[in-house]
Amino acid sequence: MKEKPVILITAGTEVFQKNRKRLFLYEEYALRIREIGGIPLMIADLDMPEEITALEQLADGLLLSGGGDVDPKWFGETDTQSGAVYDEKRDRMEIGLCRAFAAAKKPVLGICRGIQFLNVYLGGTLYQDLPTEHPSAAEHHQKPPYDVPVHSVTLVPARPLYQLLGKCELAVNSLHHQA
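Each residue of the sequence shown is one higher than the one before, counting from 2 in this note's numbering.
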């Protein structure tokens with residue numbers, strides 16, 4: 002039996018030279034998993050069923066990390082953002098991982114893009130561009146430093162996050178245009 006839980010963390014890719022990509026993941030994801038006694042394992046660019054099955058069997062949980070936009074085709078819409086770039090391999094990988102972890106009844110946590118992706122996986126939709134489709138006074142495209150809260154969110158009583166934190170309101174940082 003494992004002493005420490007293994008937590009998969011999905012990473013994105015970014016183009017850094019002409020036709021070359023590199024994996025992208027903020028270090029804090031791995032550091033926080035280590036702090037609570039887990040073993041972080043970064044994964045990216047997987048969409049073959051045998052790889053996903055092997056990783057689900059290895060891991061105790063899945064963290065869908067932040068990153069770029071979710072392709073609107075996954076929530077039944079056409080792209081309204083001219084010039085938007087989507088990570089097709091990441092979207093397919095995360096769909097496969099969500100299916101595998103749901104079937105195995107293993108925990109999945111979404112942060113930033115990850116929670117938006119979970120919403121889509123569970124049948125929800127997204128605003129493709131929050132400022133134009135749902136304008137508000139809340140700042141959703143904050144400037145550095147990114148670890149400073151810029152607006153509040155309201156938690157719903159009797160829901161897990163409210164029960165965990167015991168608060169009705171939570172200050173958050175915010176750097177997204179899909180929601």
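All C-beta atoms, glycine included, are put in the ideal place defined by N, C-alpha and C.
Item: Hey, does Arg33 have any beta-carbon neighbour from chain C nearer than 9 angstroms?; Value: Looking for chain C here will not work: only one protein chain is present.
Item: So, Gly115 versus Leu65, is the Cβ gap smaller than 9 angstroms?; Value: yes
Item: Return the CA-CA distance between Lys22 and Gly111, expressed in angstroms with no decimal places.; Value: 24 angstroms
Item: Start and end of the alpha helix (DSSP H) containing Arg191?; Value: For residue 191 there is no data in the structure shown, the boundaries of the chain being 2 and 180.
Item: At 3 residues or longer, and completely inside the segment 48-121: list those beta strand (DSSP E) runs for me, N to C.; Value: 62-65, 109-111
Item: Rounded to a whole number of angstroms, what is the C-alpha to C-alpha distance between Gly84 and Leu127?; Value: 18 angstroms
Item: What does DSSP give as the partner residues of Leu127 in its beta bridges?; Value: DSSP, once it has assigned bridges, lists no residue as partnering Leu127.
Item: For the candidate residues Ala103, Ala180, Arg35, Leu32, whose alpha-carbon lies nearest to that of His141?; Value: Ala180
Item: Under the rule that 16 or more other beta-carbon atoms within 10 Å means buried, what is Thr79, buried or exposed?; Value: exposed
Item: I think Leu176 touches Gln129, with their Cβ atoms under 8 angstroms apart; what is that distance to the nearest whole Å?; Value: Actually they are not in contact, since the Cβ atoms of Leu176 and Gln129 sit about 16 angstroms apart, beyond 8 angstroms.
Item: I'd like to check one pair, Gly68 with Arg33: are the Cβ atoms closer than 9 angstroms?; Value: no
Item: Identify every residue that forms a DSSP beta bridge with Gln18.; Value: Arg21
Item: Am I right that Glu57 and Phe102 are in contact with their C-beta atoms under 8 angstroms? What's the rounded C-beta distance?; Value: 6 angstroms
Item: Give the DSSP-derived three-state secondary structure of Ser165 in the structure shown.; Value: In the sequence on display, residue 165 carries Leu and not Ser. Reduced to three states, the DSSP call for Leu165 is helix.
Item: Pull up the CB-CB distance for Leu47 and Ile10, whole angstroms please, since I reckon it's below 8 angstroms.; Value: Wrong, their Cβ atoms sit about 13 angstroms apart, outside the cutoff.
Item: Whole angstroms is fine: what's the gap from Leu165's alpha carbon to Thr81's?; Value: 37 angstroms
Item: Answer with buried or exposed for Met193, where buried requires no fewer than 16 other C-beta atoms within 10 angstroms of its C-beta.; Value: With the chain represented from 2 up to 180, any question about residue 193 goes unanswered, as that position is not in the structure.
Item: Is the beta carbon of Lys107 sitting closer than 9 angstroms to the one on Gly62?; Value: yes
Item: Which of the three DSSP states, helix, strand or coil, is assigned to Ile40?; Value: strand
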